[in-house]
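All the letters of the sequence shown, read from the start, carry residue numbers 2 to 205 under the numbering used here.
C-beta atoms are modelled at their ideal positions from N, C-alpha and C, and glycine is treated no differently.
Working notes, structure below.
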Amino acid sequence: MNKNVLFICTGNTCRSPMAEAILREKGKGRFNVKSAGVFAGNGAVMSSNASHALSERKIKESHQSQGVSDYLIEWADLVLTMTESHKHALVGRWPDAVNKTYTLKEYVLDEEDQKRIEEIYELYTEIEMLKLQYMSKDSADEEVRQAFEREVRPLVERRMELESAVPSLDITDPFGGPLHLYQETRDEIEALIEKLMKKDDSKK
2 MNKNVLFICT GNTCRSPMAE AILREKGKGR FNVKSAGVFA GNGAVMSSNA
52 SHALSERKIK ESHQSQGVSD YLIEWADLVL TMTESHKHAL VGRWPDAVNK
102 TYTLKEYVLD EEDQKRIEEI YELYTEIEML KLQYMSKDSA DEEVRQAFER
152 EVRPLVERRM ELESAVPSLD ITDPFGGPLH LYQETRDEIE ALIEKLMKKD
202 DSKK
């Protein structure tokens, strides 16, 4: 059975429809693909520069924007966002989708970077738990404050170390920029789509 893949960006006129068109073209029927935007209206066409960048690869599109919806989230087997903020917005609204929602870059990370990302998320959780633990005490007490700082400092330092070693998980929005920015975004998405298909092949 074909996998249902949903790409998400902001307005659904640049990045996510480019990803949709590229995967549909390269996947040759292996995937059912849709795209939507977290702040998208319905019925807008793809940005002319995005469409031009795709036409240079002989990729055809007939796109109309749409906002993300309950139906689309339920339809998708895999939800791939263009940025971490898109991912957090979706998971905040559809918490049941957390285990199938990733940034596109995150989903295709190699195993080593994936482990770093997982540890970063664990550290964020641990730091937040510590904050709650100390907030329940007398936070005005100097000894309590110093104890909190001593306990949290190595966690923050480790998190910062890991974050500096992990590539950005965001795909930059070319909206409103010159054609070459759209071409760069297309090339970046195209390379990530190739990795996505290889990952899908390896799971079969």
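What's the call for residue i, buried or exposed, on a 16-neighbour Cβ count within 10 Å?
| i | result |
| --- | --- |
| S52 | buried |
| R94 | exposed |
| M2 | exposed |
| P168 | exposed |
| G30 | exposed |
| S203 | exposed |
| M83 | buried |
| S86 | exposed |
| H212 | The shown model of the chain, from 2 to 205, leaves out residue 212, and the question about it has no answer. |
| K88 | buried |
| A77 | buried |
| A166 | exposed |
| T126 | exposed |
| L55 | buried |
Give the C-beta separation of residue i and residue j to the nearest angstrom, bearing in mind that I take them to be a contact with Cβ-Cβ under 8 Å.
| i | j | result |
| --- | --- | --- |
| K200 | V109 | 6 Å |
| L163 | E120 | 6 Å |
For residue i, which residues of its own chain have a beta-carbon under 7 Å away from its beta-carbon, when the five flanking residues on both sides are left out?
| i | result |
| --- | --- |
| R159 | L124 |
| S66 | G12, N13, T14, G38, A41, G42, N43, G44, A45 |
| E107 | I118, L170 |
| E26 | I60 |
| L182 | P175 |
Using a Cβ-Cβ cut-off of 8 Å (strictly less than) and excluding sequence neighbours within five positions of residue i, which residues of its own chain qualify?
| i | result |
| --- | --- |
| L131 | F149, E152, V153, L156 |
| I190 | R16, M19, A20, I23, L105, I172 |
| G68 | N13, A37, G38, V39, F40, A41, G42, N43 |
| Q184 | A54, E57 |
Among the candidates the options, whose CA atom is the shortest distance from the CA of residue i?
| i | options | result |
| --- | --- | --- |
| E57 | D188, L193, G44 | D188 |
| S70 | K59, I9, E107 | I9 |
| I74 | T186, H64, S63, L91 | L91 |
| N50 | G177, E195, R146 | G177 |
| S36 | E195, L81, M161, A54 | L81 |
| L197 | E113, Q134, Y103 | Y103 |
| K4 | E62, L180, P96, K101 | K101 |
Which same chain residues, not among the five before or five after residue i, have their C-beta less than 6 Å away from its C-beta?
| i | result |
| --- | --- |
| S48 | T14, C15 |
| T186 | P175 |
| L211 | With the chain covering only 2 through 205, there is no way to say anything about residue 211. |
| V6 | F32, V34, L79 |
| K138 | V145 |
Beta strand (DSSP E) segments (min. 3 residues) lying fully within the segment 32 to 99 = 32 to 38, 79 to 82
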